[in-house]
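Working notes, beginning with the structure itself.
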Amino acid sequence: MPESYKILGQVAGTTEFANVYTVPAATSTVVSSIIVTNRSASNTNYRIAVLPAGAALANQYYIAYDSVIAGNDAIGLSLGLTLGNTDVISVNASSNVVTFSVFGTEIT
Numbered sequence: 003m004p005e006s007y008k009i010l011g012q013v014a015g016t017t018e019f020a021n022v023y024t025v026p027a028a029t030s031t032v033v034s035s036i037i038v039t040n041r042s043a044s045n046t047n048y049r050i051a052v053l054p055a056g057a058a059l060a061n062q063y064y065i066a067y068d069s070v071i072a073g074n075d076a077i078g079l080s081l082g083l084t085l086g087n088t089d090v091i092s093v094n095a096s097s098n099v100v101t102f103s104v105f106g107t108e109i110t
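Under the working numbering, the first residue of the sequence shown carries the number 3, and numbering increases by one thereafter.
Here is the structure:
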């Protein structure tokens with residue numbers, strides 16, 4: 003099973019939910035980290051959800067909900083999430099100044 007270490011996805015400036023990463027077909031993924039970066043001087047809130055097989059957003063899928071990130075700061079989440087094909091990581095923030103970066107390994 004070949005492994006590919008990579009940037010899985012990056013999204014910036016989304017106040018609506020955006021899918022930052024979807025596991026490709028015939029692939030599983032280990033998400034090692036998610037970096038949340040606030041590009042403004044003001045505190046803001048963010049949300050992260052993991053949707054199994056692209057399910058609709060629901061309360062049980064959140065791994066961060068209205069978490070606060072300080073102004074001009076970054077938060078590194080070391081996770082080790084294991085995802086199957088078509089699972090989705092979806093994100094949003096209360097302001098359009100937040101960037102999300104997802105890193106990990108795809109296994110085919």
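No residue lacks a Cβ here, since even glycine has one placed at the ideal position from N, Cα and C.
**OP:** For the beta strand (DSSP E) holding Asn-94, just list the boundary residues, first then last.
**Re:** Position 92 of the sequence shown, counted from the first residue, corresponds to residue 94. First-last of the beta strand (DSSP E) with Asn-94: 90 to 95.
Original post:
Among residues of its own chain, excluding the 5 on either side of Ser-112, which ones have a beta-carbon nearer than 6 Å to its beta-carbon?
Top reply: This structure does not reach residue 112, given that the chain is present from 3 up to 110, and the question cannot be answered.
Subject >> Ordered list of beta strand (DSSP E) runs contained in the stretch 27 to 60, each at least 3 residues >> reply: Entirely contained in the stretch 27 to 60, the beta strand (DSSP E) runs reaching 3 residues are, in chain order, 30 to 40 and 46 to 53.
Original post:
If you compare alpha carbons, which of Val-13, Ala-28 and Ala-27 is closest to Asn-21?
Top reply: To locate residue 21, count along the sequence shown from 1; it is residue 19. Closest in C-alpha terms to Asn-21, from the list Val-13, Ala-28 and Ala-27, comes Val-13.
**OP:** Report all residues from its chain with a CB closer than 6 Å to the CB of Gly-56; omit the five preceding and five following residues, and keep chain order.
**Re:** Here the question's residue 56 lines up with position 54 in the sequence shown. Taken in chain order, the residues that qualify are Thr-88 and Val-90.
Original post:
For Asp-75, which residues of its own chain have a beta-carbon under 6 Å away from its beta-carbon, when the five flanking residues on both sides are left out?
Top reply: Here residue 75 is taken as the residue at index 73 of the sequence shown, counted from 1. Once the five neighbours on either side are set aside, the close Cβ partners of Asp-75 are Asn-40.
**OP:** Starting from the C-beta of Ser-2, find all residues in its chain whose C-beta is less than 7 Å away, skip the five residues before and the five after it, and write them out in chain order.
**Re:** Outside the shown range of the chain (3 to 110) lies residue 2, about which nothing can therefore be said.
**OP:** Would you grab the beta carbon distance between Asn-94 and Arg-49 for me? Rounded to a whole angstrom, and I think it's under 8 Å.
**Re:** Along the sequence shown, read from residue 1 onward, the residue named residue 94 stands at position 92. Along the sequence shown, read from residue 1 onward, the residue named residue 49 stands at position 47. Yes, Asn-94 and Arg-49 are in contact; Cβ-Cβ is about 5 Å, under 8 Å.
Original post:
Between the C-alpha atoms of Leu-10 and Asn-61, what's the straight-line distance to the nearest angstrom?
Top reply: Counting from 1 along the sequence shown, the entry for residue 10 is found at position 8. Counting from 1 along the sequence shown, the entry for residue 61 is found at position 59. The straight-line gap from Cα to Cα measures roughly 24 Å.
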